[in-house]
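Below is one structure, written out as structure tokens; the observations come after it.
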Amino acid sequence: MSESREVLYGVHPVLELLRAGERPVDKLYLLKGRGGGVLEEIIRLAKAQGVALHFESKDALDRVASTEKHQGVVALVAAKAYDTPESFIKIAQERNQSPLVLLLDGVEDPRNLGAIVRTAEAVGVHGIILPRHRSVGLTGTVVKASAGALEHLPVARVVNLGRTMEELKKEGLWMVGLEPTAPQPYTELDYKGPMGVVVGGEGRGIRKGLLSHCDYLVSIPMKGRVESLNVSVAVG
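In this note's numbering, the protein residues as written are 325 to 560.
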């Protein structure tokens, strides 16, 4: 498989892929003899976009998807391209909204990243920024875990997260870091203005070098006996 192409599978990821219409779909493989409901919508959208449809057996779909968990829908699609942080501000301006950007410092579990993407898209985040190193990229597992939300949310990948934070601050965004030891609870902060929310990776939190770039540090008060939240739960 070329790096410019990827296999995407599952009813909802493929449905949102076609609804977004941003990525060219080369081929769509569907389980022979199955139809109705969401699948009819997938077929309708695919035909409207000129996508080649292939009705195959389950064994054939298993081979294309390299898994049995494809739900009878597999697409060969152009890999999702990374955007730029600057594009997030433009998106917010076009919507007459204050920019809201999520910066993830080293999330390495693709399922966590997918869950974060799903939550971020639902609450109106304009874009997510990932560091190029020590972070999972936009893999097929991330796309699947996002349940299609990744098709509607731009993601940027940068070499230096600290430098990017400073550049966003020059554009008027306040940087808010989610830090477990911070004395200020997140509920006390006003989230109405332009903002970048910084979240650390699994087990490590935000790196010390990035904490100095934050304008505010807030915590999620914990009342139970478990000391920490999964990063995707914390973002939610």
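For each residue, glycine too, the CB sits at the ideal point set by N, CA and C. No experiment lies behind these values; they were computed from the predicted model shown.
Same chain, Cβ closer than 7 Å to residue i, neighbours up to 5 away in sequence not counted
i: residue 339; result: 362, 365, 366, 472
i: residue 392; result: 386
i: residue 551; result: Residue confidence is low: residue 551 scores 45 on pLDDT, short of 50, so the model does not pin down where it sits. Its coordinate-derived value is still stated next. No residues qualify anywhere along the chain.
i: residue 538; result: 499, 500, 501, 522
Sequence-distant residues of its chain with Cβ nearer than 6 Å to residue i (five each side left out)
i: residue 460; result: 432, 434, 437
i: residue 445; result: 473, 476, 477
Residue i classed as buried or exposed, judged by whether at least 16 other C-beta atoms fall within 10 angstroms
i: residue 470; result: buried
i: residue 456; result: exposed
i: residue 389; result: buried
i: residue 345; result: exposed
i: residue 329; result: exposed
i: residue 410; result: exposed
i: residue 462; result: buried
i: residue 342; result: buried
i: residue 399; result: buried
i: residue 423; result: buried
i: residue 333; result: buried
Between the CA atoms of residue j and residue i - distance to the nearest angstrom
i: residue 545; j: residue 509; result: 6 Å
i: residue 533; j: residue 486; result: 8 Å
i: residue 382; j: residue 356; result: 8 Å
i: residue 405; j: residue 540; result: 31 Å
i: residue 397; j: residue 476; result: 20 Å
i: residue 528; j: residue 519; result: 23 Å
i: residue 413; j: residue 442; result: 20 Å
i: residue 358; j: residue 513; result: 51 Å
i: residue 525; j: residue 430; result: 5 Å
i: residue 466; j: residue 368; result: 26 Å
i: residue 484; j: residue 407; result: 15 Å
i: residue 504; j: residue 453; result: 21 Å
i: residue 354; j: residue 376; result: 11 Å
i: residue 531; j: residue 395; result: 39 Å
i: residue 491; j: residue 497; result: 9 Å
i: residue 488; j: residue 421; result: 21 Å
Bridge-paired residues (DSSP) for residue i
i: residue 376; result: 351
i: residue 496; result: DSSP lists no partner for residue 496.
i: residue 330; result: 401
i: residue 480; result: 407, 453
i: residue 424; result: 519
i: residue 543; result: 509
i: residue 502; result: 523, 542
i: residue 529; result: 525
Supposed contact pair residue j and residue i - C-beta distance, whole angstroms, cut 8 Å
i: residue 425; j: residue 451; result: 6 Å
i: residue 265; j: residue 337; result: No answer is possible for residue 265: it lies beyond the span of the chain, which begins at 325 and ends at 560.
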